[in-house]
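Peer 1: What follows is a single structure, and I will ask about it in a moment.
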Amino acid sequence: MFRVLLLGFLLIPLIEIYFLIQVGEMIGAGWTILAIVATAVIGVNLLRAQGAATLLRAQANMRQGSLPAMEMMEGIVLAASGMLLLTPGFFTDFFGFILLVPFCRQSLIRSIGGKFTVHSQARYTHQANHDSTIIEGEIVDNKEDRHLK
14 MFRVLLLGFL LIPLIEIYFL IQVGEMIGAG WTILAIVATA VIGVNLLRAQ GAATLLRAQA
74 NMRQGSLPAM EMMEGIVLAA SGMLLLTPGF FTDFFGFILL VPFCRQSLIR SIGGKFTVHS
134 QARYTHQANH DSTIIEGEIV DNKEDRHLK
(Lines of atoms letter the chains of each structure in order from A and count residues from 1; the text may use other names and numbers.)
(Lines give C-alpha, C1' and ligand atoms only; values in the text may rest on other atoms or scores of the structure.)
Protein backbone atom coordinates (compact mmCIF):
# COMPACT_ATOMS: atom_id res chain seq x y z
CA MET A 1 0.00 0.00 0.00
CA PHE A 2 2.84 2.36 0.85
CA ARG A 3 4.44 1.77 -2.56
CA VAL A 4 1.18 2.57 -4.35
CA LEU A 5 0.82 5.85 -2.44
CA LEU A 6 4.46 6.77 -3.03
CA LEU A 7 4.11 6.00 -6.73
CA GLY A 8 0.95 8.13 -6.88
CA PHE A 9 2.60 11.07 -5.13
CA LEU A 10 5.49 10.91 -7.59
CA LEU A 11 3.60 10.25 -10.82
CA ILE A 12 0.57 12.54 -10.46
CA PRO A 13 2.59 15.79 -10.29
CA LEU A 14 4.65 14.68 -13.30
CA ILE A 15 1.49 13.89 -15.28
CA GLU A 16 0.01 17.27 -14.28
CA ILE A 17 3.14 19.12 -15.39
CA TYR A 18 3.12 17.27 -18.71
CA PHE A 19 -0.53 18.16 -19.39
CA LEU A 20 -0.03 21.78 -18.31
CA ILE A 21 2.89 22.15 -20.71
CA GLN A 22 0.99 20.51 -23.58
CA VAL A 23 -2.16 22.59 -23.07
CA GLY A 24 -0.08 25.73 -22.54
CA GLU A 25 1.66 25.21 -25.87
CA MET A 26 -1.67 24.66 -27.64
CA ILE A 27 -3.76 27.53 -26.22
CA GLY A 28 -1.23 29.75 -24.45
CA ALA A 29 -0.28 30.29 -20.83
CA GLY A 30 -3.02 32.82 -20.03
CA TRP A 31 -5.82 30.62 -21.35
CA THR A 32 -4.35 27.62 -19.55
CA ILE A 33 -4.39 29.46 -16.23
CA LEU A 34 -7.93 30.67 -16.91
CA ALA A 35 -9.01 27.10 -17.71
CA ILE A 36 -7.51 25.82 -14.44
CA VAL A 37 -9.30 28.50 -12.41
CA ALA A 38 -12.56 27.93 -14.31
CA THR A 39 -12.51 24.17 -13.70
CA ALA A 40 -11.90 24.77 -10.00
CA VAL A 41 -14.81 27.24 -9.73
CA ILE A 42 -17.19 25.06 -11.74
CA GLY A 43 -16.11 22.00 -9.80
CA VAL A 44 -16.67 23.61 -6.41
CA ASN A 45 -20.16 24.74 -7.43
CA LEU A 46 -21.05 21.25 -8.68
CA LEU A 47 -19.56 19.77 -5.52
CA ARG A 48 -21.70 22.03 -3.36
CA ALA A 49 -24.87 20.94 -5.18
CA GLN A 50 -23.98 17.22 -5.03
CA GLY A 51 -23.06 17.51 -1.35
CA ALA A 52 -26.38 19.15 -0.50
CA ALA A 53 -28.31 16.45 -2.37
CA THR A 54 -26.38 13.72 -0.55
CA LEU A 55 -27.05 15.39 2.81
CA LEU A 56 -30.78 15.54 2.09
CA ARG A 57 -30.83 11.83 1.21
CA ALA A 58 -28.92 10.99 4.40
CA GLN A 59 -31.39 12.97 6.51
CA ALA A 60 -34.32 11.22 4.83
CA ASN A 61 -32.79 7.82 5.61
CA MET A 62 -32.25 8.77 9.25
CA ARG A 63 -35.85 9.95 9.56
CA GLN A 64 -36.94 6.53 8.31
CA GLY A 65 -34.74 4.87 10.93
CA SER A 66 -32.12 3.42 8.60
CA LEU A 67 -28.39 4.01 8.59
CA PRO A 68 -27.34 6.26 5.67
CA ALA A 69 -24.28 4.13 4.84
CA MET A 70 -24.22 4.86 1.10
CA GLU A 71 -24.67 8.58 1.70
CA MET A 72 -21.84 8.59 4.25
CA MET A 73 -19.54 6.90 1.74
CA GLU A 74 -20.67 9.35 -0.94
CA GLY A 75 -19.71 12.18 1.40
CA ILE A 76 -16.19 10.77 1.70
CA VAL A 77 -15.91 10.36 -2.08
CA LEU A 78 -17.24 13.90 -2.59
CA ALA A 79 -14.57 15.22 -0.22
CA ALA A 80 -11.93 13.42 -2.29
CA SER A 81 -13.51 14.88 -5.43
CA GLY A 82 -13.28 18.36 -3.92
CA MET A 83 -9.59 17.89 -3.16
CA LEU A 84 -8.96 16.71 -6.71
CA LEU A 85 -10.85 19.65 -8.20
CA LEU A 86 -8.99 22.20 -6.08
CA THR A 87 -5.62 20.73 -7.04
CA PRO A 88 -4.38 22.72 -10.04
CA GLY A 89 -4.20 20.62 -13.17
CA PHE A 90 -6.26 18.86 -15.78
CA PHE A 91 -5.48 15.26 -14.80
CA THR A 92 -6.81 15.64 -11.24
CA ASP A 93 -9.73 17.75 -12.49
CA PHE A 94 -10.75 14.92 -14.82
CA PHE A 95 -10.97 12.44 -11.95
CA GLY A 96 -12.60 15.03 -9.70
CA PHE A 97 -15.36 15.60 -12.25
CA ILE A 98 -15.79 11.84 -12.76
CA LEU A 99 -16.40 11.44 -9.01
CA LEU A 100 -19.08 14.16 -9.15
CA VAL A 101 -21.22 12.03 -11.47
CA PRO A 102 -23.60 10.13 -9.15
CA PHE A 103 -23.52 6.91 -11.22
CA CYS A 104 -19.71 6.83 -11.28
CA ARG A 105 -19.46 7.69 -7.59
CA GLN A 106 -21.93 4.98 -6.56
CA SER A 107 -20.28 2.41 -8.84
CA LEU A 108 -16.92 3.13 -7.23
CA ILE A 109 -18.41 2.80 -3.75
CA ARG A 110 -20.06 -0.51 -4.63
CA SER A 111 -16.85 -1.87 -6.16
CA ILE A 112 -14.75 -1.10 -3.08
CA GLY A 113 -17.62 -1.54 -0.63
CA GLY A 114 -17.26 -5.32 -0.62
CA LYS A 115 -13.79 -4.96 0.85
CA PHE A 116 -15.11 -3.32 4.02
CA THR A 117 -17.50 -4.69 6.61
CA VAL A 118 -19.71 -2.42 8.67
CA HIS A 119 -21.07 -3.73 11.95
CA SER A 120 -24.04 -1.98 13.47
CA GLN A 121 -25.25 -2.80 16.96
CA ALA A 122 -28.35 -0.65 17.04
CA ARG A 123 -30.61 1.04 14.58
CA TYR A 124 -31.05 4.76 14.72
CA THR A 125 -34.61 5.64 15.57
CA HIS A 126 -36.11 9.01 16.19
CA GLN A 127 -39.59 9.35 17.52
CA ALA A 128 -41.08 12.76 17.97
CA ASN A 129 -43.02 13.00 21.23
CA HIS A 130 -46.21 14.70 20.09
CA ASP A 131 -48.33 13.52 23.07
CA SER A 132 -46.14 15.01 25.79
CA THR A 133 -47.67 16.18 29.04
CA ILE A 134 -46.66 19.62 30.23
CA ILE A 135 -46.54 20.19 33.98
CA GLU A 136 -46.38 23.78 35.08
CA GLY A 137 -44.65 24.69 38.32
CA GLU A 138 -42.24 26.99 40.09
CA ILE A 139 -38.75 26.42 41.35
CA VAL A 140 -38.00 27.85 44.77
CA ASP A 141 -34.36 28.22 45.69
CA ASN A 142 -33.92 28.51 49.43
CA LYS A 143 -30.39 29.77 49.91
CA GLU A 144 -30.90 29.79 53.67
CA ASP A 145 -31.44 26.01 53.75
CA ARG A 146 -28.02 25.45 52.16
CA HIS A 147 -26.19 27.27 54.93
CA LEU A 148 -27.88 25.23 57.66
CA LYS A 149 -26.47 21.90 56.43
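One point on numbering: in the numbering used here, the residue at position 102 of the sequence shown is 115, and numbering is uninterrupted. Heads up, the beta-carbon is just placed ideally off N, CA and C, and yes, glycines get one too.
Taking DSSP as the reference, what is the three-state secondary structure of R119?
Peer 2: By one-based count along the sequence shown, residue 119 stands at place 106. The sequence given here places Gln at residue 119; Arg does not occur at that position. Here Q119 sits in helix by DSSP.
Peer 1: Going by other Cβ atoms of all chains shown within 10 Å of its Cβ, with 16 needed for buried, is P115 buried or exposed?
Peer 2: What you label residue 115 is simply residue 102 of the sequence shown in a count that begins at 1. Exposed, by the Cβ-count rule.
Peer 1: Measure the Cβ-Cβ separation of L97 and L112 and say whether it is below 8 Å.
Peer 2: On the sequence shown, position 84 is the one that residue 97 refers to. On the sequence shown, position 99 is the one that residue 112 refers to. Yes, the pair counts as a contact, with Cβ atoms nearer than the cut-off.
Peer 1: Mind checking V54: buried by the 16 CB within 10 Å criterion, or exposed?
Peer 2: Position 41 of the sequence shown, counted from the start, is the residue given in the question as residue 54. Exposed, since its Cβ has fewer than 16 Cβ neighbours within 10 Å.
Peer 1: Straight-line CA distance for G41 to L33?
Peer 2: In the sequence shown, counting from the first residue as 1, residue 41 sits at position 28. In the sequence shown, counting from the first residue as 1, residue 33 sits at position 20. Each residue's Cα considered, the two are about 10 Å apart.
Peer 1: Assuming contact is defined by CB atoms lying nearer than 8 Å, are E163 and R118 in contact in what I supplied?
Peer 2: An answer regarding residue 163 cannot be provided, because it is not within the stretch 14 to 162 covered by the chain.
Peer 1: Have a look at P26, V90, F107, V36 and flag the residue whose alpha-carbon is nearest the alpha-carbon of G126.
Peer 2: As a first step, residue 126 is located in the sequence shown; it is residue number 113 there, counting from the start. G126 has its Cα closest to that of V90, out of P26, V90, F107, V36.
Peer 1: Beta-carbon within less than 8 Å of T45's beta-carbon, same chain only, minus the 5 sequence neighbours each way: which residues are those?
Peer 2: Within the sequence shown, numbered from 1, the residue matching residue 45 stands at position 32. Same-chain partners within the cutoff: L33, V36, G37.
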